[in-house]
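Student:
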Amino acid sequence: MKAIALYRRFIVVYLKTRMEYRLTFFMDMFMQVFTYVISYLGIWIILNRFHSINGWGFYEVVFLYNLNLFSYGVSGLFFWSPMLGLGGMVQSGIFDSVLIRPMNPFLHLISRRFMHHFLGHIILGAIVFAICFKNLSIEWTISKVLWFSIVMLGAVLIQSSLMIIAGTVSFWFVKSSSLVETTIYGLRRFLDYPISIYDKWVQVVLTFVIPYGFVNFYPARLFLNKTDGLFHPSFGYGAPVVGLALFLLAYRFWCFGIKHYQSTGS
Amino acid sequence: MIRVYIEFMKNTLQSNMAYKFNAFLRLFSKILFLFIQIAIWRALFKGTTEISTNTGFVTLSEMITYVIVSSLMSVIISSNAIGRINQKIRSGELSIDLIRPIRFLTYIFSETVGNMSFRIMFEIMPLLILSTSFWSISYPSFYNSLLFSVALVNGMLLYFLLTYVIGLLAFWYLSIWQLDRLLGDLIRLFSGSFIPLWFFPKVLLKISNVLPFRLIYFTPLSIYLGKIEYTESVELILQQWLWIIILFITQRILWKKGIRKLVIQGG
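Next comes the structure, spelled out in structure tokens:
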């Protein structure tokens, strides 16, 4: 497909330019990773002292946290810059030049920048997964491996959808991209620990309103055979479905936002 | 002379009014984070009333107080010095500041105090009202509140000087935001603002004791909750002063070196 070949070229060019500033390239990734290492240290301190939270032990919480981290990293790689930098692009006029091109603006924006910073998330996430799997007793059958990949894809879709929605909203209110970023960061923090620690209504919101619960809690519960939380274990299977549905919704929303922009003829 | 500094403080205060929205956002995310933290501690304390720490016992209600007071403190303990200094050096504004008959340190500090006054007015009160309506906090004894106030002011000064010293490194280092972030992460963990040092394993406790960060949050908070004896409180306050002096001297040295570099380069 032409689009994929085109995309690959974009990425190669982008990476080449970035590698020229090699030190900055690696420092960018290192800084991202360091923040998360500190976060993992925090989890270690707490679970070293308390041994478990709601029945979840250290490696289980790390697994949970890592699902969030990894899917966020993959989503951010593609969607962070085009979505959350949209406000700036509108102001500087770059966005108009994107709209003029004979290419789907959504795809173009995604390929314009490849946020290599997130590679740090992904590498760290992969390492942490390896450590977790060594220390958790999960029997890996072929179906489980397959299922893990599908669930991960679902989680990535959910994270991306929320980034797209956030980007669209900030696009309308150019000045308040901080509102949106705050909401994303703030809400993601809810996922640091199993959401069963929260009141019932919070769990409901995190399942049905802003389905972040499907990013890490429900899938992890399935893999680790846990029984806490409000809803049936089968919710663990919901991630890909929710992800797909949300992504389509987000894309629709984004297109609607763009059309609105064009019609106001800024 | 003092009037000039007050003018600077007022200026910063006024321009801050325009950022009311951001203040609301900060408030909102602080409440959200409080919510999360308290849920975490509730879950950790499930079934037990008291947890033993490396210095005694602590109850769930004490942890809730800890978390809320820490959040309130974070409103005061903030500084944009790193960004400000970096901006001034990069843009060349610094040369103008050098001509002014005002010491740069005091200038940046006045700005910080101006920002802080705004936040105290618009963030602490709502945060206090909201958090006390959702949860209950305990209050310290008379002497402990005095000691707490001293420790809090010291913590704020300590934090400011840390950011100022890092900010001065912008004379030499281009991507100062990386150090800013590094500092932020280290403080997040080792200051005790999120996890009290009572729960730290020996290894991390040793590291923490060498660093000044615990003196910013953990020391005032421990005093507030009455977890340490008066003599130890005084000792810790002296340690705070020691670090403040060390950082003050460091900043003087860095400033002199930095200005020399700037002048030589014709900046």
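Listed in order, the protein sequences are those of chains A and B.
Going by the working numbering, the first residue of the first sequence is number 1371, and it counts up by one from there.
Going by the working numbering, the first residue of the second sequence is number 573, and it counts up by one from there.
Built from N, CA and C at the ideal position, the CB exists for glycine as well.
Since the model is a prediction, treat every value here as computed from it, not as a measurement.
Pull the bridge partners of W1426/A from the DSSP assignment, please.
Tutor: Beta-bridge pairing links W1426/A to I1423/A.
Student: Of the residues M1522/A, L1576/A and I1416/A, which one's Cα is nearest the Cα of W613/B?
Tutor: With distances taken between Cα atoms, W613/B lies closest to I1416/A.
Student: Kindly list, in the order they appear in chain B, the residues whose Cβ is closer than 9 Å to that of M1533/A.
Tutor: Within chain B, no residue comes near M1533/A; the closest Cβ sits about 18 Å away, beyond 9 Å.
Student: Please classify E579/B: does DSSP put it in a helix, a strand, or coil?
Tutor: Three-state DSSP puts E579/B in a helix.
Student: For I648/B and I1423/A, I'd like the C-alpha separation in whole angstroms.
Tutor: If you take the alpha carbons of I648/B and I1423/A, they lie about 32 Å apart.
Student: List, in order along the chain, the chain A residues whose C-beta lies closer than 8 Å to that of Q812/B?
Tutor: Within 8 Å Cβ-Cβ: nothing; Q812/B doesn't reach chain A, min ~23 Å.
Student: Rounding to the nearest angstrom, what Cα-Cα distance links T1447/A and V1382/A in this structure?
Tutor: Checking the sequence shown, residue 1447/A turns out to be Leu, not Thr. Computed Cα separation, rounded: 14 Å.
Student: With a threshold of 6 Å on Cβ separation, who are the neighbours of L741/B within its own chain once the five nearest residues in sequence on each side are excluded?
Tutor: Closer than 6 Å at the Cβ level, and outside the excluded window around L741/B, lies no residue.
Student: With 7 Å as the C-beta to C-beta threshold (strictly closer), list the residues of the segment 1396 to 1417 of chain A near chain B in chain order.
Tutor: For the segment 1396 to 1417 of chain A, which is checked against every Cβ of chain B, the residues closer than 7 Å are M1397, M1401, F1404, T1405, I1408, L1411, G1412, I1415 and I1416.
Student: What is the C-beta distance between S747/B and T1405/A, in whole angstroms, given that I count them as a contact (C-beta under 8 Å)?
Tutor: At roughly 15 Å, the Cβ-Cβ gap does not stay under 8 Å, so S747/B and T1405/A are not in contact.
Student: Three-state secondary structure (DSSP) at S624/B?
Tutor: S624/B: strand per DSSP, three-state reduction.
Student: Exposed or buried, what is T735/B when buried is set at 16 or more other beta-carbons lying within 10 Å of its beta-carbon?
Tutor: So T735/B ends up on the buried side.
Student: Using 8 Å as the Cβ pair cut-off and three pairs as the minimum, do the segment 685 to 695 of chain B and the segment 775 to 789 of chain B touch?
Tutor: The segment 685 to 695 of chain B, when compared against the segment 775 to 789 of chain B, does not touch it at the 8 Å Cβ threshold.
Student: Pair every Cβ in the segment 787 to 803 of chain B with every Cβ in the segment 755 to 764 of chain B, then say whether three or more of these pairs are closer than 8 Å.
Tutor: Contact between the segment 787 to 803 of chain B and the segment 755 to 764 of chain B is present, because at least three Cβ pairs lie under 8 Å.
Student: Which of the three DSSP states is assigned to G1635/A in this structure?
Tutor: Any answer about G1635/A is weak, because its pLDDT of 48 lies below 50 and its placement is not dependable; what the coordinates show is given next. G1635/A: coil per DSSP, three-state reduction.
Student: With distance defined between alpha-carbon atoms, name the residue in L758/B, G739/B, I603/B and F596/B nearest to P784/B.
Tutor: Among L758/B, G739/B, I603/B and F596/B, the Cα nearest to that of P784/B is on L758/B.
Student: Taking all protein chains shown into account, do 16 or more other C-beta atoms lie within 10 angstroms of the C-beta of S1467/A, making it buried, or fewer, making it exposed?
Tutor: Looking at its Cβ environment, which holds fewer than 16 other Cβ atoms inside 10 Å, S1467/A is exposed.
Student: Measure from the alpha carbon of L1592/A to the alpha carbon of each residue in I1374/A, F1433/A and K1372/A, then state which is nearest.
Tutor: Cα-wise, what sits closest to L1592/A is F1433/A.
Student: Around the C-beta of P1603/A, are 16 or more other C-beta atoms found within 10 angstroms, so that it is buried, or is it exposed?
Tutor: Flag for P1603/A reads exposed.
Student: Measuring alpha carbon to alpha carbon, tell me which of A1500/A, G1627/A, F1380/A and Y1588/A ends up nearest V1612/A.
Tutor: Of the listed residues, the one whose Cα sits closest to V1612/A is Y1588/A.
Student: When the Cα atoms are used, what is the spatial distance from I1528/A to F1623/A?
Tutor: C-alpha separation (whole angstroms): 14 Å.
Student: Against chain A, does A615/B count as a neighbour if the rule is that its beta carbon must be under 8 Å from one of theirs?
Tutor: It does; some Cβ of chain A falls within 8 Å.
Student: Comparing the CB of K582/B with every heavy atom of the ligand FMN, is any distance shorter than 7 Å?
Tutor: Absence of the ligand FMN is noted for the structure shown, with no ligands found whatsoever.
Student: Measuring alpha carbon to alpha carbon, tell me which residue in R1471/A, T1553/A and N1474/A is nearest L604/B.
Tutor: Nearest C-alpha to L604/B: T1553/A.
Student: May I ask you to report which of helix, strand or coil DSSP gives V1575/A?
Tutor: Note: V1575/A maps to helix in three-state DSSP.
Student: How many whole angstroms separate the CB atoms of S1531/A and F1617/A, which I take to be in contact at a CB cut-off of 8 Å?
Tutor: That pair is a contact at about 5 Å.
Student: To be precise: take each residue of the segment 1550 to 1565 of chain A, compare its Cβ to all Cβ atoms of chain B, and keep it if any distance is under 7 Å. Which residues remain?
Tutor: Cβ contacts with chain B: T1552, G1556, R1559, F1560 and Y1563.
Student: Below 8 Å between beta carbons is the criterion; list the residues of the segment 748 to 762 of chain B that meet it against any residue of chain A, in chain order.
Tutor: The residues in question are Q750, R753, L754, D757, L758, R760 and L761.
Student: Quick one: measure Cβ to Cβ for L1594/A and Q1573/A, integer angstroms, because I've assumed they're closer than 8 Å.
Tutor: 18 Å between Cβ atoms; not a contact.
Student: Spell out the partners DSSP gives T631/B in its beta bridges.
Tutor: Looking at the DSSP assignment, T631/B forms a beta bridge with E622/B.
Student: For F676/B, decide whether its Cβ has a neighbour in chain A, counting only Cβ atoms nearer than 8 Å.
Tutor: Not one chain A Cβ lies under 8 Å of F676/B.
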